[in-house]
Structures are given as structure tokens and as C-alpha cells.
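Quick note on this note's numbering: the sequence shown kicks off at 2 and runs consecutively. The structure under discussion appears below in the form of C-alpha cells.
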Amino acid sequence: MRLVRHPARKRSPLAAATGAGVATYAVANPTAIAFDGTNMWITNDGYPNPTVTKMLASTGAVLGTYPVGVLPLGIVFDGTSMWIANNTSNTVTKIPAK
Numbered sequence: 002m003r004l005v006r007h008p009a010r011k012r013s014p015l016a017a018a019t020g021a022g023v024a025t026y027a028v029a030n031p032t033a034i035a036f037d038g039t040n041m042w043i044t045n046d047g048y049p050n051p052t053v054t055k056m057l058a059s060t061g062a063v064l065g066t067y068p069v070g071v072l073p074l075g076i077v078f079d080g081t082s083m084w085i086a087n088n089t090s091n092t093v094t095k096i097p098a099k
């Protein structure tokens, strides 16, 4: 599955074999995305309240929203936690993936 950004601030999974869109999910100002094996984690630059949204990859259901630092531009999964790089606030946020 690959994901592309649309001007309407949505992420859309694509079928790997055909590149056809499978579904579209609305999120607020997405800047990065990561997969933990079950869930998609999307950073949202919703200034002045930036967040990370946890979505169930199979359905797009929102499982949680977590506050992070200003301008979250990167996210990575280390096998246990999500690490978010917050550009403007010069910080890193760690969120347990559970």
C-alpha cells in the first residue's frame, strides 16, 4: 500500500498491483505518515495545536489523537514507539504504539 497526498488534506491508500485508489480518509494538515504493523500514524500540522492521529489501517477508524510539538515533519516506528520530529519547536515526541 502506498499513500498520496491530495490538496483536500486526505490520505488515500492505493492498490499495490494497479495503483488504483482504495479509500480516502480525511485528516487535518497531514505532513508525514508511518505504519506500525497494524495502524497508520499521521502527523498533522494543525497550528497552533499540532497532533498525531492513529488510524486503524484496515478501516481508517481513528483510534486516538496525540498532541506533539510545533510543525511535526517526520515520524518513525522503532518497534515499540512512534518518534515524531517537531521542526519548529526543536523537540522530539515519543508515543508508545501499544
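Glycine included, C-beta positions come from ideal geometry on N, C-alpha and C.
Check	Outcome
Going by C-alpha distance, which of Ile76, Thr44, Leu72 and Lys95 is nearest Thr89?	Leu72
Give me, in chain order, the residues of the same chain whose beta-carbon lies closer than 6 Å to that of Asp46; leave out the 5 immediate sequence neighbours on both sides.	Asn30, Thr32 and Leu72
Under the rule that 16 or more other beta-carbon atoms within 10 Å means buried, what is Asn91, buried or exposed?	exposed
Could you check if Thr52 is buried or exposed, using at least 16 other CB atoms within 10 Å of its CB as the buried criterion?	buried
Curious, which full-length alpha helix (DSSP H) runs of at least 4 residues does the segment 32-75 contain?	none
Is Ala86 helix, strand or coil when you go by DSSP?	strand
Using only CA atoms, which one of Val93, Lys95, Ile96 and Thr25 lies nearest to Ala58?	Thr25
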